[in-house]
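Engineer: Quick one: structure below, then a few questions.
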Amino acid sequence: FVAALDAFAELMAKRGRNIALRPHPGGQYALKHNLALPKNVRVRNDPGYRLDLRQFCYGISPPSSVLFDMLLAEIPTAVWRDSRRSVDASAYVGLPMVSGPDEWADFVMAVERDAEPFLLNQRQFLEKQQIPLDPRDVFGRFVQLFQAAERRGGSEFGANPR
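For the sequence shown, the working numbering assigns the number 464 to the initial residue and increments by one for each residue that follows.
Printed below as a string of structure tokens:
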């Protein structure tokens, strides 16, 4: 991923474009390994609740829950997988897959021409997942979950140990 990012950044620099890199919250590889990033790459490590992903034109990520964050933010999103296909991306079948920097650039150019087909595809992908997306429905489900835990004594959440 890092090699592809570096080469992609070089392609984008030739176009005068900057790139935002959001390290995965669980790994922080780029930061932990103090990677020397190209000059046109800016690290955006704000907490997820403070970062509005809708400000980005597109997203590219290895298979991760971060992909769902980008899909829900409704930004055109591609799944990165290594060229040997050793990274399992089977949970994301139906979304664009990219490996090398040229594929990344092709994805970006296609998004710049017309993002709507990507967004439509993403909506269909999310519908197939049957994930509750309505905020009121999600909130109601959490309320029910916590009410059930409270009725059971709350021990599952560390309260009222037995």
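Think of the CB as a built atom: it goes at the ideal place given N, C-alpha and C, for glycine as much as any other residue.
All values derive from a computational prediction rather than experimental measurement.
Quick one: using the 10 Å Cβ neighbour count with 16 as the cut-off for buried, is M572 buried or exposed?
Structural biologist: Mapped onto the sequence shown, residue 572 falls at position 109. M572 should be labelled exposed.
Engineer: Do you know how far the Cα of A552 is from the Cα of R478?
Structural biologist: What you label residue 478 is simply residue 15 of the sequence shown in a count that begins at 1. What you label residue 552 is simply residue 89 of the sequence shown in a count that begins at 1. Taking the straight line joining both Cα atoms gives about 30 Å.
Engineer: Please report the straight-line C-alpha distance between F581 and K502, rounded to a whole angstrom.
Structural biologist: Counting from 1 along the sequence shown, the entry for residue 581 is found at position 118. Counting from 1 along the sequence shown, the entry for residue 502 is found at position 39. C-alpha separation (whole angstroms): 29 Å.
Engineer: Any idea which residues DSSP pairs I523 with across the strands?
Structural biologist: Taking the sequence shown and counting its residues from 1, one reaches residue 523 at position 60. Paired residues: A541.
Engineer: Rounded to the nearest angstrom, what separates M533 and R615 at their Cα positions?
Structural biologist: The residue labelled residue 533 in the question sits at position 70 within the sequence shown. The residue labelled residue 615 in the question sits at position 152 within the sequence shown. Spanning the two alpha carbons is a distance of roughly 36 Å.
Engineer: Count Cβ pairs between the stretch 465-477 and the stretch 560-570 that sit closer than 8 Å; are there 3 or more?
Structural biologist: They touch, by the three-pair rule.
Engineer: Closest by CA to S528, which one among Y555, A466, D545, F519?
Structural biologist: Within the sequence shown, the letter at position 65 stands for residue 528. Looking at the Cα atoms, Y555 is the closest of the given residues.
Engineer: For the alpha helix (DSSP H) that V601 lies in, which residues bound it at each end?
Structural biologist: Mapped onto the sequence shown, residue 601 falls at position 138. First-last of the alpha helix (DSSP H) with V601: 598-614.
Engineer: Spatial neighbours of E575 within its chain, please: C-beta separation below 8 Å, excluding the five flanking residues on both sides.
Structural biologist: Along the sequence shown, one-based indexing puts residue 575 at 112. Here the set comprises C520.
Engineer: What residue does the alpha helix (DSSP H) around A472 start on, and which one ends it?
Structural biologist: To locate residue 472, count along the sequence shown from 1; it is residue 9. It spans 465-477 - the alpha helix (DSSP H) in which A472 sits, taken as one unbroken run.
Engineer: Does the distance from the CB of G557 to the CB of Q593 come in under 9 Å?
Structural biologist: For the purposes of this step, residue 557 is taken as the residue at position 94 of the sequence shown. For the purposes of this step, residue 593 is taken as the residue at position 130 of the sequence shown. No; because the gap between Cβ atoms is not below 9 Å, this pair is not in contact.
Engineer: With distance defined between alpha-carbon atoms, name the residue in L535, A536, L530 nearest to R544.
Structural biologist: Counting from 1 along the sequence shown, the entry for residue 544 is found at position 81. That would be L530, whose Cα lies nearest to the Cα of R544.
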